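**Student:** Residues 2 to 81 (the numbering used here) are what the sequence shown spells out, left to right. For reference, the structure I am asking about is given below.
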Amino acid sequence: MSLLEKLGLSKQSMERMLGVVAPLKKTKIKRYRRYETVPADIRKAILLEHSSYTCRELSKKYGISSSTIWDIRDNKSKIE
Numbered sequence: 002m003s004l005l006e007k008l009g010l011s012k013q014s015m016e017r018m019l020g021v022v023a024p025l026k027k028t029k030i031k032r033y034r035r036y037e038t039v040p041a042d043i044r045k046a047i048l049l050e051h052s053s054y055t056c057r058e059l060s061k062k063y064g065i066s067s068s069t070i071w072d073i074r075d076n077k078s079k080i081e
C-alpha cells in the first residue's frame, strides 16, 4: 500500500487540489560551446599586457569576449 492510498488520496483528488500539471517538454540537446580562435598576434599582445588590466578592459580594447581573454591568460585557447 502506497503512502497516497494510506492518506486516501487519488490522482484525481491531487489534480483538484493542485490543478492539472502539464508534462515536461523535452529540451534541446545541449551542445558544447566552441571557443573562437584568436589570431596569434592578438593572443601575444594580451599575454604581454600588464596583469593589472581586467579581462573586461582587455575585451573592450581587443574586441573579443572577456571569457576568451580569461582562457588566453590561463593558456586554454586555440592558436591559429
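Ideal placement from N, C-alpha and C gives every residue a C-beta, glycine not left out. Please read all numbers here as calculations on a predicted model, not as lab measurements.
Only counting the same chain, and skipping five residues up and downstream in sequence, which positions put a Cβ closer than 6 Å to that of I73?
**Tutor:** Counting only Cβ-Cβ distances below 6 Å, and skipping sequence neighbours, we find R44, I47.
**Student:** When we look at the beta-carbon of L5 and count the other beta-carbons within 10 Å, is it buried (16 or more) or exposed?
**Tutor:** Per the 10 Å Cβ criterion, exposed.
**Student:** Straight-line CA distance for T38 to S67?
**Tutor:** Near 14 Å, if we compare the C-alpha coordinates of S67 and T38.
**Student:** Terminal residues of the continuous alpha helix (DSSP H) containing S67?
**Tutor:** Looking at the DSSP string, the run of the alpha helix (DSSP H) that includes S67 is 67-74.
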